[in-house]
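For the sequence shown, numbering that gives the first Met the number 0 gives the first residue as 0, with consecutive numbering after it. Here is the structure we will look at, set down as structure tokens.
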Amino acid sequence: MYNKNINIKVDYRIIREDGMDQDIIIPIENGLIDLNVSDFKIFDRIQFTHIYAILLRITNQNMTICIHLLKDIDIFSSFVNMDIDLAKKNMVISKNDNHTIINIESVN
Numbered sequence: 000m001y002n003k004n005i006n007i008k009v010d011y012r013i014i015r016e017d018g019m020d021q022d023i024i025i026p027i028e029n030g031l032i033d034l035n036v037s038d039f040k041i042f043d044r045i046q047f048t049h050i051y052a053i054l055l056r057i058t059n060q061n062m063t064i065c066i067h068l069l070k071d072i073d074i075f076s077s078f079v080n081m082d083i084d085l086a087k088k089n090m091v092i093s094k095n096d097n098h099t100i101i102n103i104e105s106v107n
């Protein structure tokens, strides 16, 4: 994986890799995602429902990644995407019994 600040504790597949960029798909199977960002002042948690998969676009050029939440198997079905600079943050993707958790925490 190109970014050492990402820890994926669930099953995933690398679907594209060209030496500079890497696309990773994480199947969710129409599940629930909790997005927790430690230094986000407005919300403690953002929840997304009926997500088919997470697509991570990672580059080896910088620490910014793009997260796409997909509604179905089509890679163009992204209904939410966000760029996150992980230069001073860690991201952990994990699952519990009934949902997927994305934790983004500042590194001190």
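Yeah, the Cβ is synthetic: ideal placement off N, Cα and C, and Gly gets one too. All of these numbers come straight from a predicted model, not from anything done at the bench.
Express the C-alpha separation of Val106 and Tyr11 in angstroms, rounding to a whole number. Those two C-alpha atoms are separated by around 25 Å.
Short Cβ contact (9 Å threshold) for Val36 with Thr99: Not closer than 9 Å, so no.
Kindly indicate which three-state DSSP category Met81 falls into: helix, strand or coil? The answer is strand: DSSP assigns Met81 an E or B state.
Own chain, CB closer than 6 Å to Asn6, minus 5 neighbours either side, in chain order: Within the same chain, Val91 come within 6 Å of Asn6 by CB-CB distance, once the 5 residues on both sides are set aside.
Residue ranges of each beta strand (DSSP E) within the segment 5-31, 3 or longer: Whole beta strand (DSSP E) segments, 3+ residues: 5-7 and 12-16.
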